[in-house]
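Per the numbering used here, the sequence shown runs over residues 295 to 503. Heads up, the beta-carbon is just placed ideally off N, CA and C, and yes, glycines get one too. None of the values given here were measured: they were computed from a predicted structure. Have a look at the structure below before the remarks.
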Amino acid sequence: DDFVFMTFLVGNDFLPHLPSMDISDGAFDLLFNTYKEQRQKWGDNEYLTDAGNVTDYARLEAYISVIGDAENDILENREENEAKFLKKKRRWDKRDGKPDGPSDMQIAEAEKSKQNDYMSVIETMLEKHTLNGNFVDGWSPVMKENAKDFKGRYYYEKLKLTPADVEGHLKLRQAYIEGLVWCLAYYYRGCISWGWFYPYHYGPMLSDL
295 DDFVFMTFLV
305 GNDFLPHLPS
315 MDISDGAFDL
325 LFNTYKEQRQ
335 KWGDNEYLTD
345 AGNVTDYARL
355 EAYISVIGDA
365 ENDILENREE
375 NEAKFLKKKR
385 RWDKRDGKPD
395 GPSDMQIAEA
405 EKSKQNDYMS
415 VIETMLEKHT
425 LNGNFVDGWS
435 PVMKENAKDF
445 KGRYYYEKLK
455 LTPADVEGHL
465 KLRQAYIEGL
475 VWCLAYYYRG
485 CISWGWFYPY
495 HYGPMLSDL
């Protein structure tokens, strides 16, 4: 049951995915690794859900809070990858798209190495339950600022919400949590309310959920 519930955070037919929860960014690894770690702190028969119901909202909140601690690093890593891609694209454009670099095998090995390095960082964050400020010390100020300001830009551009709109943020958060509960019940017991729907096109930031 918990496995199914966790996948909702990456999106399904009824809810949009959370902005920082993307499969290409290792969302499933983060969700499941965090769950395995948190599960060790619960009792033998204690879970997030059971038979289509959330069993303990405080436990769920604690689980999501730990995942939310990784959000800034996920966004900063995404900014770095996008910057590298644009730099590589400009270089290819200058050469009319003719590569003169490493072979496909070398590129694949390099990508695998980068992915392993990234997962190592995620695992370290999960152990500490906190953000590691030194992780981005070597990055450019522009990249740091972009990642830091992503949340504000996202809320305003996608949902027209400003930091001062406390009520709007609460409604968004409440609607998404209701959506998680509705989806869980739907998959296990059938539709519990034909009148319910998620009233937004986008989800909240994970750290705000």
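- In the DSSP assignment, LEU342 falls outside any alpha helix (DSSP H) and carries neither an H nor an E.
- With fewer than 16 neighbouring CB atoms inside 10 Å of its own CB, ASP338 falls in the exposed class.
- Burial is judged here by how many other beta carbons sit within 10 angstroms of a residue's own beta carbon; ILE358 has at least 16 and is buried.
- Going by DSSP, TRP476 is part of the alpha helix (DSSP H) stretching over 460 to 483.
- With contacts defined as CB atoms closer than 8 Å, LEU309 and LEU500 fail to qualify as a contacting pair.
- Within the same chain, PRO457 come within 7 Å of GLY446 by CB-CB distance, once the 5 residues on both sides are set aside.
- Beta-carbon to beta-carbon, TYR494 and ALA469 are separated by about 6 Å, close enough to satisfy the 8 Å threshold.
- DSSP lists THR343 as the bridge partner or partners of VAL348.
- The Cβ atoms of ALA345 and TYR482 sit closer than 8 Å to each other.
- Take THR349, set aside five residues on each side of it, and the residues of its chain with a beta-carbon closer than 7 Å to its own are TYR341, LEU342 and THR343, in chain order.
- With a beta-carbon spacing of about 13 Å, GLN334 and VAL360 fall beyond the 8 Å limit used to define contacts.
- Straight through space, the alpha carbons of ARG467 and ASP367 are spaced by roughly 22 Å.
- For ALA321, the uninterrupted alpha helix (DSSP H) segment begins and ends at 321 to 333.
- Look at TYR448 here: in three-state DSSP terms it is helix.
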